[in-house]
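Report on one structure; see the data block that follows.
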Amino acid sequence: MTILNQTTRSTALSLGDLTALVGRTPLIPLRSLSEHLSEAVRVYAKLEWFNPGGSVKDRPALNIIQTALANGDLHRGKRLLDSTSGNMGISYATFGAALGIPVTLAIPANASQERLTILNALGAEVILTDAGEGIDGAILEARKLATEFPHIYWYGHQYDNPANWQAHYKTTGPEIFDQTGGSMTHFVTGLGTSGTLMGAGRYLREKIPSIRLVGVQPDASFHGLEGLKHMQSAIKPGIFDETVPDEILELRTEEAYEMVLKLARLEGLFVGISSGAAALGALRIAERLQTGVVVTLFPDSGYKYLSDKELWRGA
Ligand code: PMP
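Start counting at 1 in the sequence shown, then tack on 1241, and there's your number in our numbering.
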């Protein structure tokens, strides 16, 4: 393996080509799953695993890093620190490796082996937190480290950092608007940090005032919808403004799992669990309509969940 010397690393701090590949992901119709809908109703999904880090989280991770570099908050000698359930960590680690920024991540210990292996391969430092405390345990650990060691860490704070939702305001929202020619009537997306809904939702509402914005979340605090949060029982993200969504759908883990298999078999889309939840939410909304264009977003593909026996039980 070639180890880059200090001179090469320092030039790497300017933004390189990998970062230019973030965004401009495809939007495709769900055909088979829409067959039972009214003729004049369309459902589209935005495929976010086409991002170089493999998920929607490339967008906020890159914007958080770029904003902190521009402000001078994240400078040479500091480590980028954050809490994550997995995807944000992979995106941070991807751009950290590409830009020469060391990365430390607090992650619940029950994160899938695939995620931990990917983070290890990308060279991120991982601090495992109590699985029973879920993502909230990881958030508290990151907060503690950032407070105790401010000279070591720059805390990305994805749950509270406006650069998270602003990434979606600047990219995801405009892309969807352009890809649908402004014809969309509904946007349905999962709630994790809520960055996707806050950012893309705010942009789309400015462009299409009549649009309905719908959030999707688990129906209970203990759930298997990786990447999503049960807002009522979790630490509420600072960026979450509950006046933005018109409606929030609560879904069961098992029904999202079933939808993951349907997407694979009927649409050829091998997606992660939260994409199953997003599709289910979008179809529930579409089933109420006589006419409309419903857009949802699939955050990642199924590859990081291969070791989840429960998910693929019906396969
Ligand atoms: N699905 C997955 C797989 C995720 O990793 C995330 C991010 N936590 C989301 C959905 C939710 O996205 P957001 O944080 O923008 O609400």
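In this text, a Cβ means the ideal position worked out from N, Cα and C, and glycines have one as well.
Check: Is it the case that the Cβ atoms of Gln1407 and Gly1431 are separated by a distance below 8 Å?
Finding: Translated into positions along the sequence shown, residue 1407 becomes position 166. Translated into positions along the sequence shown, residue 1431 becomes position 190. No, they are not a contact pair.
Check: What is the C-beta distance between Thr1345 and Tyr1394, in whole angstroms, given that I count them as a contact (C-beta under 8 Å)?
Finding: Here residue 1345 refers to the residue found at position 104 when the sequence shown is read from its first residue. Here residue 1394 refers to the residue found at position 153 when the sequence shown is read from its first residue. About 7 Å; that satisfies the 8 Å criterion.
Note to self: Out of Leu1278, Leu1262, Leu1271, Arg1300, which one is the CA nearest neighbour of Pro1540?
What the structure shows: Start at 1 with the first residue of the sequence shown, and residue 1540 comes out as number 299. Ranking Leu1278, Leu1262, Leu1271, Arg1300 by Cα distance to Pro1540 puts Arg1300 first.
Check: Does the Cβ of Tyr1333 have 16 or more other Cβ atoms within 10 Å, making it buried, or fewer, making it exposed?
Finding: Counting from one through the sequence shown, the residue named residue 1333 turns up at place 92. With 16 or more Cβ atoms within 10 Å of its Cβ, Tyr1333 is classed as buried.
Notebook entry, point to check: Quick one: what does DSSP say Val1263 is sitting in, helix, strand or coil?
Noted result: The sequence position of residue 1263 within the sequence shown is 22, counting from 1. Three-state DSSP puts Val1263 in coil, outside helix and strand.
Next item on the list: Let me know the secondary structure DSSP gives Gln1247 once reduced to three states.
Entry: As a first step, residue 1247 must be located in the sequence shown, where it is residue number 6. Per-residue confidence for Gln1247 stands at a pLDDT of 39, beneath the threshold of 50, marking its modelled position as unreliable; no derived number is given.
Notebook entry, point to check: Does the Cβ of Thr1484 have 16 or more other Cβ atoms within 10 Å, making it buried, or fewer, making it exposed?
Noted result: Residue mapping note: residue 1484 aligns to position 243 of the sequence shown, counting from 1. So Thr1484 counts as exposed.
Next item on the list: Determine the burial state of Ser1326: buried for a count of at least 16 other Cβ atoms within 10 Å of its Cβ, exposed for fewer.
Entry: Here residue 1326 refers to the residue found at position 85 when the sequence shown is read from its first residue. With 16 or more other Cβ atoms within 10 Å, it is buried.
Notebook entry, point to check: What span of residues does the alpha helix (DSSP H) with Arg1300 cover, start to end?
Noted result: Position 59 of the sequence shown, counted from the start, is the residue given in the question as residue 1300. Taken as a continuous stretch (DSSP letters only), the alpha helix (DSSP H) holding Arg1300 covers 1299-1312.
Check: With 16 other CB atoms within 10 Å as the buried threshold, where does His1427 fall?
Finding: Here residue 1427 corresponds to residue number 186 of the sequence shown, with the count starting at 1. Buried.
Next item on the list: Could you spell out the range, first to last residue, of the beta strand (DSSP E) harbouring Ala1497?
Entry: Taking the sequence shown and counting its residues from 1, one reaches residue 1497 at position 256. Here Ala1497 belongs to no beta strand (DSSP E); instead the alpha helix (DSSP H) covers 1494-1503.
Margin query: Let's test the definition: count the other Cβ atoms within 10 Å of the Cβ of Ala1383 and tell me whether it reaches 16, buried, or not, exposed.
Written below: Numbered from 1 along the sequence shown, position 142 holds the residue referred to as residue 1383. Burial call: buried.
Notebook entry, point to check: With respect to 7 Å, is the separation between the Cβ of Glu1467 and the closest non-hydrogen atom of the ligand PMP below this value?
Noted result: On the sequence shown, position 226 is the one that residue 1467 refers to. Yes.
Next item on the list: Could you check what DSSP says for Trp1290 in three-state terms: helix, strand or coil?
Entry: For the purposes of this step, residue 1290 is identified with residue 49 of the sequence shown, where counting begins at 1. In the structure shown, Trp1290 sits in a helix (DSSP, three-state: H, G or I).
Next item on the list: Give the straight-line distance between the Cα atoms of Leu1510 and Leu1524, rounded to the nearest whole angstrom.
Entry: Here residue 1510 corresponds to residue number 269 of the sequence shown, with the count starting at 1. Here residue 1524 corresponds to residue number 283 of the sequence shown, with the count starting at 1. C-alpha separation (whole angstroms): 16 Å.
Notebook entry, point to check: In whole angstroms, what is the alpha-carbon distance linking Leu1259 and Lys1545?
Noted result: On the sequence shown, position 18 is the one that residue 1259 refers to. On the sequence shown, position 304 is the one that residue 1545 refers to. Between Leu1259 and Lys1545, the C-alpha separation is close to 21 Å.
Notebook entry, point to check: So, using beta-carbon positions, are Ala1362 and Thr1532 closer together than 8 Å?
Noted result: Locating residue 1362 in the sequence shown gives position 121, counting from the first residue. Locating residue 1532 in the sequence shown gives position 291, counting from the first residue. No, they are not a contact pair.
Check: With Gly1557 and Leu1490 assumed to form a contact (beta carbons below 8 Å), what rounded beta-carbon distance in angstroms separates them?
Finding: Since the first residue of the chain shown is 1242 and the last is 1556, residue 1557 is not available in this structure.
Note to self: Given a cut-off of 8 Å on the beta-carbon distance, is the pair Tyr1396 and Gly1479 in contact?
What the structure shows: Looking up residue 1396 in the sequence shown gives position 155. Looking up residue 1479 in the sequence shown gives position 238. No, Cβ-Cβ distance for Tyr1396 and Gly1479 is not below 8 Å.
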